[in-house]
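Chemist: Protein chains in written order, with numbering that gives the first Met the number 0: chain A, 0 to 501; chain B, 0 to 212.
In this text, a Cβ means the ideal position worked out from N, Cα and C, and glycines have one as well.
It should be emphasised that the depicted structure is a prediction, and the values quoted were computed from it without experimental measurement.
Shown below is the structure under consideration.
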Amino acid sequence: MNITIKLDGVDISAKRGRLLSDVLSLHGAETEMPCGRHGKCGKCRVIAHGMLSEPTANERMLLGEEAIGNGVRLACLTRAEGDCTVITQKRSESRVLIDGEMPELEIKPTFSGYGVAIDIGTTTLAARLFDEGGRRIADAVASNPQGVFGADVISRMESALKGNAEGISKVTVEACDSLIGMLSESAGISSKEIGGGVITGNTVMLHLLTRTDVEPLTHAPFEARRLFGEVLTASELGLCSLGAEVEIYLPSCIAAFIGADTTSAMLGSSLAQHERSEILCDIGTNGEMVFSDKGELFACSTAAGPAFEGAGIRMGMVGRVGAIDHVSIVDGRLCAHVIGEVKPTGICGSGVVDAVACLLELGIIDETGYLEGGEAEISDGVVLTQEDIRKVQLAKSAIHAGIRSLLISAKTDISKVDTLLIAGGFGSYLDTDNAIRIGLLPSELRGRIRSVGNAALTGASMLLLNGELRETAKNTVLKVQVRELSGDQVFADEYIERMMFE
Amino acid sequence: MAILVEISEALQNGRSRDIKGLVEQALGEGIAADVILKEGLLSGMDVIGEQFKNGEIFVPEVLMAARCLNNGTAVLKPYLAENGVKAKGKVCIGTVQGDLHDIGKNMVKMMMEGKGLEVIDLGKDVSPETFVQTAIEQECGIICLSSLLTTTMGVMAEVVKKANEMGIRDKVKIMIGGAPVSDKFCKEIGADVYAPDAASAADAAVEIFNEVK
Ligand code: B12
Ligand code: FES
Chain A
0 MNITIKLDGV DISAKRGRLL SDVLSLHGAE TEMPCGRHGK CGKCRVIAHG MLSEPTANER
60 MLLGEEAIGN GVRLACLTRA EGDCTVITQK RSESRVLIDG EMPELEIKPT FSGYGVAIDI
120 GTTTLAARLF DEGGRRIADA VASNPQGVFG ADVISRMESA LKGNAEGISK VTVEACDSLI
180 GMLSESAGIS SKEIGGGVIT GNTVMLHLLT RTDVEPLTHA PFEARRLFGE VLTASELGLC
240 SLGAEVEIYL PSCIAAFIGA DTTSAMLGSS LAQHERSEIL CDIGTNGEMV FSDKGELFAC
300 STAAGPAFEG AGIRMGMVGR VGAIDHVSIV DGRLCAHVIG EVKPTGICGS GVVDAVACLL
360 ELGIIDETGY LEGGEAEISD GVVLTQEDIR KVQLAKSAIH AGIRSLLISA KTDISKVDTL
420 LIAGGFGSYL DTDNAIRIGL LPSELRGRIR SVGNAALTGA SMLLLNGELR ETAKNTVLKV
480 QVRELSGDQV FADEYIERMM FE
Chain B
0 MAILVEISEA LQNGRSRDIK GLVEQALGEG IAADVILKEG LLSGMDVIGE QFKNGEIFVP
60 EVLMAARCLN NGTAVLKPYL AENGVKAKGK VCIGTVQGDL HDIGKNMVKM MMEGKGLEVI
120 DLGKDVSPET FVQTAIEQEC GIICLSSLLT TTMGVMAEVV KKANEMGIRD KVKIMIGGAP
180 VSDKFCKEIG ADVYAPDAAS AADAAVEIFN EVK
């Protein structure tokens with residue numbers, strides 16, 4: 000039996016009993032579903048009225064009675080039992096940083112006309128257009144449309160295995176096409192003048208893009224059967240903005256959870272080009288890190304969870320208008336900065352780090368993470384809860400312990416490390432003193448931490464502008480010694496030890 | 000007896016180095032081993048469990064307390080065996096096949112031991128067959144399954160299936176947990192109990208054994 004759902008003002012027909020989340024993704028709504036529709040994260044909020052299934056216990060817990068009374072529901076737990084209206088929340092553009100200085104480079108372009116470099120991040124896509132002379136013509140960013148299939152790579156692969164592989168690949172290719180469209184438009188060229196490209200991303204992203212079977216990547220021993228480092232044509236990838244024969248290079252991945260984005264970021268940050276001891280670390284849901292001990296390379300991947308991307312935190316959100324992105328103490332009280340200078344609606348990763356550091360400073364959180372009263376208001380109704388603090392503890396110690404165990408496995412004392420390079424957007428907004436205060440980063444590295452921006456995109460651009468680097472990068476990848484943290488006792492001990500706030 | 004309170008408090012504060020001495024002192028005072036265990040160590044673990052459940056303390060504190068419990072029971076072991084003190088019940092626990100996360104599973108194990116249960120730890124990446132076989136061979140009352148990956152949660156359903164096939168569901172309960180697991184999922188796959196945290200898991204296990212009796 001079919002029923003009518005008024006979705007954001009448009010009447011659509013659906014089967015009775017369908018989950019709203021299915022209806023939403025079928026009709027291209029942009030609602031985020033970070034936990035992959037497991038009814039756990041409470042982020043797939045919609046406002047719904049009419050004939051709906053009764054709120055479940057999980058909804059009551061995650062939303063509270065007041066919100067439910069106002070018609071707020073979780074799409075992944077609510078079924079349309081009859082005619083109803085559903086209003087979704089629109090996503091607004093998030094703040095993304097795509098800067099990153101390119102190291103000195105001899106221009107030997109791999110394309111004629113124009114070339115495009117794209118980084119498919121788990122949350123954000125960033126792209127850059129170059130001309131044959133290596134001049135940067137335009138930049139573009141977009142959020143990763145895979146979000147509706149889950150927030151983290153595992154959830155998305157799970158979704159792919161449940162029959163959405165085609166769909167995920169399609170939205171990803173379309174997003175690349177639309178980025179290319181945006182770049183061409185702002186450069187005033189036709190996208191058909193683009194003669195070559197590089198698309199980088201983590202191993203899972205490249206698998207999903209190319210419709211490669213992800214099954215082996217979803218469970219231990221996490222084997223990546225395809226590591227890329229290969230050229231595909233635009234038509235093979237399904238990109239229709241480019242000429243069918245245009246060649247796209249996908250850089251080599253290092254392991255299942257250390258991808259081509261890490262390979263590119265190594266290049267983009269000149270890691271291993273010096274007689275120095277440097278760590279490159281990308282802090283996201285997964286923290287990939289590479290340590291170069293004067294050119295000898297070690298890498299690992301640690302899972303932090305999405306706390307630093309604002310997910311999994313009660314009032315967490317990505318860094319866009321309305322998010323508290325910085326917090327400081329002024330005259331003994333918390334003072335928050337909100338993106339867009341509006342009334343805050345939530346808090347993003349950099350804000351969480353600052354807020355926790357300040358709460359520690361004020362003694363509102365003790366060194367074990369205990370939060371007096373169970374809740375602390377950061378600003379204007381935006382709070383952090385005890386539960387949130389626990390999530391931060393799990394996440395920050397995963398990164399911290401990852402750095403330490405990588406160094407220990409490389410038999411290097413942390414005092415010998417010259418620099419910690421932080422790649423990715425989060426790094427650029429991160430207050431490193433606060434990151435050290437909460438134990439996200441080791442205090443021994445104070446004063447030696449540098450943000451390198453979107454090094455993955457920088458690296459991809461280099462692979463576009465100088466074909467010889469592809470061979471270099473491939474060889475570098477072979478030299479990386481991968482350290483597996485599961486089952487590593489050093490990591491396990493460090494992980495527990497770093498969970499406290501010293 | 001002041002010494003028992005002292006043992007309980009030392010455990011709650013994670014003073015693992017002091018425990019051995021305190022337990023020896025209690026034995027020296029002529030207190031029976033099972034009383035030291037119950038009213039000193041396990042009563043301390045009860046407090047820890049309660050505080051953890053309420054979010055007042057977190058993983059490191061629980062692990063430190065568990066270390067104390069281990070140090071303490073190591074001293075008591077020979078005396079307990081002598082007195083023929085038996086565990087309240089026996090369970091086997093493991094992280095399911097394909098998953099190597101084991102911190103949560105280890106905590107559940109410790110909390111259950113803290114309730115005086117005997118726990119067989121099958122480790123991680125454990126196949127459905129191993130769970131069911133162990134339960135049969137070792138006569139466990141509960142199989143405890145942990146999974147942290149949404150992609151390996153399905154293995155829990157396989158364990159349930161296997162247990163059905165072997166016809167052991169009337170004797171063996173299946174308890175599941177791990178961050179992505181929920182009560183809803185527990186019902187879906189036909190497992191018996193879901194618990195959100197290690198302390199609740201231990202409580203639920205004790206309840207199961209009490210019902211059986
Ligand atoms: C620590 C960690 C790791 C460590 C694991 C170390 C170890 N020895 O266990 C390392 C770095 C090795 C790791 C690796 C990976 N991880 Co990891 N990891 C985490 C992290 C940060 C914390 C997990 C944890 O230990 N929590 C603390 C414990 C105490 O809590 P808990 O396990 O939930 O257990 C409690 C309850 O759930 C319950 N419970 C647990 N088991 C049971 C059992 C029963 C019967 C009952 C009743 C109750 C119960 O009691 C416990 C205490 O109260 C989480 C993210 C997060 N914030 O949760 C990601 C996370 C679980 N990992 C994830 C991923 C993807 C991975 C990797 C696959 C990829 C990678 N490299 O990043 C690998 C592969 C691991 C593997 N081979 O299986 C994802 C899973 C996503 C998903 N959709 O499934 C998470 C959620 C992070 C994320 N969002 O991306 N990880
Ligand atoms: S609660 Fe619905 S997607 Fe997480």
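Smallest Cα separation from B:Ile30: which of B:Leu75, B:Lys104, B:Leu116, B:Glu206?
Modeler: For the purposes of this step, residue 30 of chain B is taken as the residue at position 31 of the second sequence. For the residues B:Leu75, B:Lys104, B:Leu116, B:Glu206, the minimum Cα distance to B:Ile30 belongs to B:Leu75.
Chemist: Quick test of your reading: A:Gly196 and A:Ile247, contact by CB under 8 angstroms. State the CB separation rounded to the nearest angstrom.
Modeler: On the first sequence, residue 196 of chain A is found 197 positions in, with the first residue counted as 1. On the first sequence, residue 247 of chain A is found 248 positions in, with the first residue counted as 1. Confirmed, about 5 angstroms.
Chemist: Within 7 angstroms: the Cβ of A:Lys42 and any heavy atom of the ligand FES?
Modeler: Counting from 1 along the first sequence, the entry for residue 42 of chain A is found at position 43. True, at least one ligand heavy atom lies under 7 angstroms from that Cβ.
Chemist: Closer than 8 angstroms by beta-carbon distance: list the chain B residues that pair up with A:Lys107, in chain order.
Modeler: Locating residue 107 of chain A in the first sequence gives position 108, where the first residue counts as 1. Those within 8 angstroms of A:Lys107 in chain B number zero; the least Cβ separation is about 42 angstroms.
Chemist: Use the C-beta contact count for A:Leu96: other C-beta atoms within 10 angstroms, 16 or more gives buried, fewer gives exposed.
Modeler: Looking up residue 96 of chain A in the first sequence gives position 97. In this predicted model, A:Leu96 has a pLDDT of only 49, less than 50, meaning its place in the structure is not dependable; the value taken from the coordinates is given anyway. Residue environment for A:Leu96: buried (at least 16 other C-beta atoms within 10 angstroms of its C-beta).
Chemist: What residues from the region 135–155 of chain B come within 7 angstroms of chain A, judged by C-beta to C-beta, listed N to C?
Modeler: Leu148, Thr149, Thr150, Thr151
Chemist: Identify the contact partners of B:Gly97 in chain A, using a Cβ-Cβ distance below 8 angstroms as the criterion.
Modeler: Within the second sequence, residue 97 of chain B is the residue found at index 98, counting from 1. Thr217, His218, Ala219, listed in chain order.
Chemist: Using a Cβ-Cβ cut-off of 6 angstroms (strictly less than) and excluding sequence neighbours within five positions of A:Phe221, which residues of its own chain qualify?
Modeler: In the first sequence, residue 221 of chain A corresponds to position 222, counting from 1. The residues are Ala255.
Chemist: Tell me, which residues are paired with B:Lys123 by DSSP?
Modeler: Counting from one through the second sequence, the residue named residue 123 of chain B turns up at place 124. The partner list for B:Lys123 (beta bridge, DSSP) is empty, contrary to what the question assumes.
Chemist: Quick check on A:Asn57: does DSSP put it in helix, strand or coil?
Modeler: The residue labelled residue 57 of chain A in the question sits at position 58 within the first sequence. The answer is helix: DSSP assigns A:Asn57 an H, G or I state.
Chemist: Please state the DSSP three-state secondary structure of B:Thr72.
Modeler: Within the second sequence, the letter at position 73 stands for residue 72 of chain B. Here B:Thr72 sits in helix by DSSP.
Chemist: Just to confirm, are A:Phe129 and A:Ser460 a CB contact at a threshold of 8 angstroms?
Modeler: Along the first sequence, read from residue 1 onward, the residue named residue 129 of chain A stands at position 130. Along the first sequence, read from residue 1 onward, the residue named residue 460 of chain A stands at position 461. Going by C-beta atoms, A:Phe129 is nearer than 8 angstroms to A:Ser460.
Chemist: Residues of chain A with a CB under 8 angstroms from the CB of B:Leu54: which are they?
Modeler: Taking the second sequence and counting its residues from 1, one reaches residue 54 of chain B at position 55. The sequence given here places Gly at residue 54 of chain B; Leu does not occur at that position. Listed by position along chain A, the residues whose Cβ is nearer than 8 angstroms to that of B:Gly54 are Gly373, Gln385, Glu386, Arg389.
Chemist: Would you kindly report the start and end of the unbroken alpha helix (DSSP H) that includes A:Gly166?
Modeler: Position 167 of the first sequence, counting from 1, holds the residue named residue 166 of chain A. Run containing A:Gly166: 164–186, per the alpha helix (DSSP H) assignment.
Chemist: Roughly how many angstroms lie between the CA atoms of A:Leu160 and B:Val22, to the nearest whole one?
Modeler: On the first sequence, residue 160 of chain A is found 161 positions in, with the first residue counted as 1. On the second sequence, residue 22 of chain B is found 23 positions in, with the first residue counted as 1. The straight-line gap from Cα to Cα measures roughly 54 angstroms.
Chemist: To the nearest angstrom, how far is it from the Cα of B:Met0 to the Cα of B:Ile142?
Modeler: Locating residue 0 of chain B in the second sequence gives position 1, counting from the first residue. Locating residue 142 of chain B in the second sequence gives position 143, counting from the first residue. For B:Met0 and B:Ile142, the distance between alpha carbons rounds to 37 angstroms.
Chemist: Which residue marks the beginning of the alpha helix (DSSP H) containing A:Met204, and which one marks its end?
Modeler: On the first sequence, position 205 is the one that residue 204 of chain A refers to. First-last of the alpha helix (DSSP H) with A:Met204: 202–208.
Chemist: From A:Gly486 to A:Leu463, what distance separates their C-alpha atoms?
Modeler: Looking up residue 486 of chain A in the first sequence gives position 487. Looking up residue 463 of chain A in the first sequence gives position 464. Those two C-alpha atoms are separated by around 38 angstroms.
Chemist: Under a Cβ-count criterion, where at least 16 other Cβ atoms within 10 Å of its own Cβ denotes burial, should A:Thr106 be classed as buried or exposed?
Modeler: To locate residue 106 of chain A, count along the first sequence from 1; it is residue 107. Looking at the sequence provided, one finds Ile at residue 106 of chain A rather than Thr. Per the 10 Å Cβ criterion, exposed.
Chemist: Assign B:Met44 to buried or exposed, taking buried as 16 or more other Cβ atoms, counted over all protein chains shown, within 10 Å of its Cβ.
Modeler: By 1-based counting over the second sequence, the position of residue 44 of chain B is 45. Buried, by the Cβ-count rule.
Chemist: Please name the residues in the region 154–184 of chain B whose beta-carbon is closer than 7 angstroms to at least one beta-carbon of chain A, in chain order.
Modeler: Pro179, Ser181, Lys183
Chemist: Could one say the Cβ of A:Asn1 lies closer than 8 angstroms to chain B's Cβ atoms, at least one of them?
Modeler: Here residue 1 of chain A refers to the residue found at position 2 of the first sequence. No, its Cβ sits nowhere closer than 8 angstroms to a Cβ of chain B.
Chemist: Given a cut-off of 8 angstroms on the beta-carbon distance, is the pair A:Gly200 and A:Asp260 in contact?
Modeler: For the purposes of this step, residue 200 of chain A is taken as residue 201 along the first sequence, with counting starting at 1. For the purposes of this step, residue 260 of chain A is taken as residue 261 along the first sequence, with counting starting at 1. Against a cut-off of 8 angstroms, the Cβ pair of A:Asp260 and A:Gly200 comes out as a contact.
Chemist: What is the residue span of the beta strand (DSSP E) that A:Asp353 lies within?
Modeler: Against the first sequence, residue 353 of chain A aligns to sequence position 354. Here A:Asp353 belongs to no beta strand (DSSP E); instead the alpha helix (DSSP H) covers 348–360.
Chemist: Could you list which residues in chain B have their beta carbon closer than 7 angstroms to that of A:Gln392, in chain order?
Modeler: If you number the first sequence from 1, residue 392 of chain A lands on position 393. Residues of chain B passing the Cβ test: Phe57.
Chemist: Using a Cβ-Cβ cutoff of less than 7 angstroms, which residues in the same chain neighbour A:Glu92 once the five nearest sequence positions on both sides are dropped?
Modeler: As a working note, residue 92 of chain A is residue 93 in the first sequence. Low local confidence applies: a pLDDT of 46 at A:Glu92 is under 50, so the model's placement there is unreliable, and no value is given.
Chemist: Would you say the beta carbon of A:Lys161 is closer than 7 angstroms to some non-hydrogen atom of the ligand FES?
Modeler: The sequence position of residue 161 of chain A within the first sequence is 162, counting from 1. No, Cβ of A:Lys161 sits at least 7 angstroms from all heavy atoms of the ligand FES.
Chemist: How big is the Cα-Cα spacing for A:Gly309 and A:His325?
Modeler: By 1-based counting over the first sequence, the position of residue 309 of chain A is 310. By 1-based counting over the first sequence, the position of residue 325 of chain A is 326. Each residue's alpha carbon lies about 13 angstroms from the other.
Chemist: Please determine whether the Cβ atom of B:Phe208 lies at a distance below 7 angstroms from any heavy atom of the ligand B12.
Modeler: For the purposes of this step, residue 208 of chain B is taken as the residue at position 209 of the second sequence. Not under cutoff, so the answer is no.
Chemist: If we require 4 or more residues per run, which alpha helix (DSSP H) segments fall completely within the region 48–102 of chain B?
Modeler: 58–82
Chemist: Is it buried or exposed for A:Ser442, if we count other Cβ within 10 angstroms and need 16 for buried?
Modeler: The count along the first sequence starts at 1 and reaches residue 442 of chain A at position 443. Classification for A:Ser442: exposed.
Chemist: Find out if the Cβ-Cβ distance for the pair B:Met152, B:Ala190 is shorter than 8 angstroms.
Modeler: Reading the second sequence from its first residue, position 153 is the one you call residue 152 of chain B. Reading the second sequence from its first residue, position 191 is the one you call residue 190 of chain B. Against a cut-off of 8 angstroms, the Cβ pair of B:Ala190 and B:Met152 comes out as no contact.
Chemist: Report yes or no: do the region 79–97 of chain B and the region 404–420 of chain A share at least 3 C-beta pairs separated by less than 8 angstroms?
Modeler: no
Chemist: Give every residue of the same chain whose Cβ lies closer than 6 angstroms to the Cβ of A:Ala356, excluding the five residues on either side of it in the sequence, and list them in chain order.
Modeler: Within the first sequence, numbered from 1, the residue matching residue 356 of chain A stands at position 357. Closer than 6 angstroms at the Cβ level, and outside the excluded window around A:Ala356, lie Asn433, Arg436, Ile437.
Chemist: Listing by chain order, which chain B residues have their CB less than 8 angstroms from the CB of A:Glu157?
Modeler: In the first sequence, counting from the first residue as 1, residue 157 of chain A sits at position 158. Near A:Glu157 (Cβ distances below 8 angstroms), the residues of chain B are Thr149, Thr150.
Chemist: According to the neighbour-count rule (16 or more other Cβ atoms, all chains shown, within 10 Å of its Cβ), is A:Lys42 buried or exposed?
Modeler: Here the question's residue 42 of chain A lines up with position 43 in the first sequence. Counting other Cβ atoms within 10 Å of its Cβ, A:Lys42 reaches 16 or more and is therefore classed as buried.
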